[in-house]
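In the working numbering, the protein residues as written are 19 to 247.
Cβ coordinates follow ideal geometry from the N, Cα and C atoms, glycine included.
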C-alpha cells in the first residue's frame, strides 16, 4: 500500500472493528479509505456553509458515508427494488460492515398504518453512536424531492411510535442510484427531521473515479467558502 496514511487508517479500523483478513481485503478493494476521505470532505462543506445545524444533525452526516459500495450483491444491470432489498438481507453481514460498525439491524419491511392505509419502510436499523433509529428507503432511480417528503412521513411516525425513552429522534437514509447535489441540498435542508440522501454503487469504482470526485468536492467547497484549510 503506497500511502502511509491509508495503511495506518486500515490498521486502526481493522483493530477497532475486528475485521477478518477477508473483510480487510474487501474494505481495501472497495476503497474504504478513499470513501471516508470523500465523505469527510462533504461534511466539511456542510460545516462551512454558515448554516445553523444542530450537533446531532452534523453528527449524522459524519456517521453516514457517501457513496455505499454494494458490489457484493452480484446484481445485474437491471433489477427490481425487491431484488435489491432481498440481496441486502441475504448479505446482511457485509452490508453492516459497509454501513459502519455502529449500525445494528432491527427489521425489514417494518409496517406502519396511517389512516386506512398501510405503509412499509424498507429497512430499519439502530445506530449505537447516534443513539437513534435509522430508517432506510431504497430507490432504484434518481433522488427526487418527493422521496424526502415520503421519508419525512416515515420519520414522524417512527418518532411517535417506535422511538424509546432516552433515544434521539430517528434519522432517515435515502439510498438511491443517483442524486443531484443541488436537488438534495434544497430538498433536505431545513426539515424538522434529519434526512440524508446517499448514492450506492453495485460495482467497485475505479480509484481514479473516487479521486476525481474528491477533487470535485474540494472545488465546490472552495467556491462556497473561499478556501480549504
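Same chain, Cβ closer than 8 Å to residue i, five either side skipped, listed in chain order
i	result
residue 31	37, 45, 50
residue 101	93
residue 129	136, 137, 138
residue 209	166, 170
residue 157	99, 165, 192, 193, 194, 195
Residue i to residue j span [Cα, whole Å]
i	j	result
residue 146	residue 188	12 Å
residue 47	residue 203	30 Å
residue 110	residue 139	17 Å
residue 43	residue 52	15 Å
residue 178	residue 29	41 Å
residue 180	residue 39	37 Å
residue 217	residue 95	16 Å
residue 125	residue 175	16 Å
residue 142	residue 134	23 Å
residue 118	residue 144	11 Å
Contact check, residue i vs residue j, beta carbons under 8 Å
i	j	result
residue 89	residue 222	yes
residue 212	residue 184	no
residue 121	residue 152	yes
residue 148	residue 199	no
residue 54	residue 83	yes
Residue span of the alpha helix (DSSP H) that contains residue i, given as start and end
i	result
residue 44	39-47
residue 248	Outside the displayed range of the chain (19 to 247) lies residue 248, so it cannot be described from this structure.
Cβ shell of residue i (< 7 Å), same chain only, five flanking positions each side left out
i	result
residue 215	161, 192, 194, 197, 202, 206
Nearest-angstrom beta carbon gap, residue j and residue i [assumed within contact, 8 Å]
i	j	result
residue 78	residue 91	The pair is not a contact, with the Cβ atoms about 25 Å apart (cut-off 8 Å).
residue 85	residue 219	6 Å
Same chain, Cβ closer than 6 Å to residue i, neighbours up to 5 away in sequence not counted
i	result
residue 127	138
residue 116	86
residue 107	126
Bounding residues of the beta strand (DSSP E) (the contiguous stretch that carries residue i)
i	result
residue 192	189-196
residue 179	Element bounds for residue 179: not the beta strand (DSSP E) but the alpha helix (DSSP H), 163-179.
residue 155	150-160
residue 145	135-145
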